[in-house]
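A short worksheet on the structure shown next.
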Amino acid sequence: MDKKIITVTSPLMPSLEEFNKYLKDIWEKKWITNNGSYHQELEAALCDYLKVPYISLFTNGTLPLITALQALRITGEVITTPYSFVATTHALWWNGIKPVFVDIDPNTGNLDPNKIEQAITPQTTAIMPVHVYGQPCKTKEIQDIADKYGLRVIYDAAHAFGVEVEGESILNAGDISTLSFHATKVFNTIEGGAMVMHDAKIKQRIDYLKNFGFANETEVVAPGINSKMDEIRAAYGLLNLKQVDKAIEKRKQTAFKYRTALKGIKGISFWDDMPHVRHNYSYFPIFVDAEEYGMSRDELYFKMKKNNVWGRRYFYPLISTFSTYRGLESATKEKLPNAYKIAESVICLPMHHSLTDDDVARVIKEIKK
Ligand SMILES: Cc1ncc(COP(=O)(O)O)c(C=O)c1O
6 MDKKIITVTS PLMPSLEEFN KYLKDIWEKK WITNNGSYHQ ELEAALCDYL KVPYISLFTN
66 GTLPLITALQ ALRITGEVIT TPYSFVATTH ALWWNGIKPV FVDIDPNTGN LDPNKIEQAI
126 TPQTTAIMPV HVYGQPCKTK EIQDIADKYG LRVIYDAAHA FGVEVEGESI LNAGDISTLS
186 FHATKVFNTI EGGAMVMHDA KIKQRIDYLK NFGFANETEV VAPGINSKMD EIRAAYGLLN
246 LKQVDKAIEK RKQTAFKYRT ALKGIKGISF WDDMPHVRHN YSYFPIFVDA EEYGMSRDEL
306 YFKMKKNNVW GRRYFYPLIS TFSTYRGLES ATKEKLPNAY KIAESVICLP MHHSLTDDDV
366 ARVIKEIKK
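Remember, our numbering sits 5 above the position in the sequence shown when you count from 1.
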């Protein structure tokens, strides 16, 4: 058995030497949080890199979701996807909002716009889609529905760092988009996240909300929360931003190797790049058809694991099956056939910037044999 564990992900980390220089500076300034200079610098650098007008940094990718719903005063019911990380739906629950699950498009893993309208009720106030694996949602179709029914659109873009469609950032779609900078993501600040918005007024409101609602020294204008990013992680982010393009390029090469090697294996399928999209290759999901492949998804997953090749059944189980949500009328299996099918067949293969040729060959060997 090969000893080295090939992990599904590995964090992109700045050089310790470079980071130490920033730490020294922070130690000297003694300004370690509350909109310090590194926080400001990272916000500006990210606006530039991501081609977005306004961004607000957060301490993780869950709090901007919760705060976006607060900021836009979303209530009642929100249409969302069961095929995501559980934080997407939890953000609704924490706001006292009823999640309404709608099935996904099996060709992208994203909320199917054709199924949204039938789920709208007089209580619906917003749609919360996810760009799953960084694959862009059908934003035009979703916006058309939102405009027709007067709904807000909040994108959980946790996976979509740097993704562009025809040269335009996917983060500019909808009313607000949120990002996660968790250690497992393409761009990370260890823990961290951000919110992208289109106008200065929303940015100001968000900046109040993430700092307890303080508008100035003495005035609290809303029941805010504390979700600010500190200076140390902002500095770490600035350094990582310098190397993220190289990391994405490395991931792209790995995706190419996987696709070339896995093409034609009966019972294994995967998605190709979409036309006119700059992907970030944050994940490489494959789908196992047990009958054709001669082995179930779980059998393959555990066989890989035994041989120290760690995939991830991401997303499995579906959010709609968890105890908090399974009682909802929109959570039944009959209503979500595509989501069930994908959740039961998916394995995300190891995908990160530091995979070697040997690592990739070992992953491929596991699936081929
Ligand atoms: C789709 C999605 N939404 C939200 C989150 C939450 O982000 P964080 O872990 O930074 O709080 C994640 C994190 O994995 C995610 O994948």
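Cβ atoms here follow ideal geometry from the backbone N, Cα and C, with glycine treated the same way.
Nearest residue (CA-CA) to Gln209, options Gly197, Thr12, Val226 and Asn193: Val226
Under a three-way DSSP split, which group does Ala199 fall into? strand
Same chain only: Cβ atoms within 6 Å of Asn100, ignoring 5 sequence neighbours per side: Leu74
Just to check my reading of the structure: Gly139 and Val168 have Cβ atoms closer than 8 Å, yes? What is that Cβ distance to the nearest angstrom? Rounded, the Cβ-Cβ distance is 5 Å, consistent with contact.
So, for Thr38: in the same chain, excluding its five sequence neighbours on each side, which residues have a beta-carbon less than 7 Å away from its beta-carbon? Lys233, Asp235 and Glu236
Quick check: does the Cβ of Gly114 come within less than 8 Å of any heavy atom belonging to ligand 1? no
Measuring alpha carbon to alpha carbon, tell me which residue in Ile372, Asp180 and Asn343 is nearest Gly269. Ile372
Among Ala336, Met356 and Lys9, whose alpha-carbon lies nearest the alpha-carbon of Asn285? Met356
On the DSSP letters alone, give me the boundaries of the alpha helix (DSSP H) that Phe261 sits inside. Glu236 to Leu267
Using the three-state DSSP reduction, which class does Phe289 fall into: helix, strand or coil? Strand at Phe289.
For my contact list, Trp98 and Thr329 are in at a C-beta cut-off of 8 Å; report their separation, rounded to the angstrom. 6 Å
Find out if the Cβ-Cβ distance for the pair Asn216, Pro16 is shorter than 9 Å. With a cutoff of 9 Å on beta-carbon distance, Asn216 and Pro16 are scored as not near each other.
Since I believe Glu171 is in contact with Thr130 (beta carbons under 8 Å), could you give me their beta-carbon distance rounded to a whole number of angstroms? Actually they are not in contact, since the Cβ atoms of Thr130 and Glu171 sit about 30 Å apart, beyond 8 Å.
Within 10 Å of its beta-carbon, does Gly299 have 16 or more other beta-carbons around it, so buried, or fewer, so exposed? Burial is judged here by how many other beta carbons sit within 10 angstroms of a residue's own beta carbon; Gly299 has fewer than 16 and is exposed.
Residue range of the unbroken beta strand (DSSP E) whose run includes Tyr330: Neither: Tyr330 is in no beta strand (DSSP E) and is coded neither H nor E.
Bridge partners for Lys143 per DSSP, in chain order? The partner list for Lys143 (beta bridge, DSSP) is empty, contrary to what the question assumes.
By a C-beta neighbour count over all protein chains shown, 10 Å radius and 16 as the cutoff for buried, is Lys190 buried or exposed? buried
Going by CA-CA distance only, name the one from Ile175, Arg317 and Ala295 that's closest to Leu354. Arg317
Within 10 angstroms of the Cβ of His358, are there 16 or more other Cβ atoms? Answer buried if so, exposed if not. buried
Own chain residues within Cβ distance below 7 Å of Ala348, not counting five before or after: Tyr88, Phe320, Tyr321, Pro322 and Leu323, listed in sequence order.
For Thr85, three-class secondary structure by DSSP: strand
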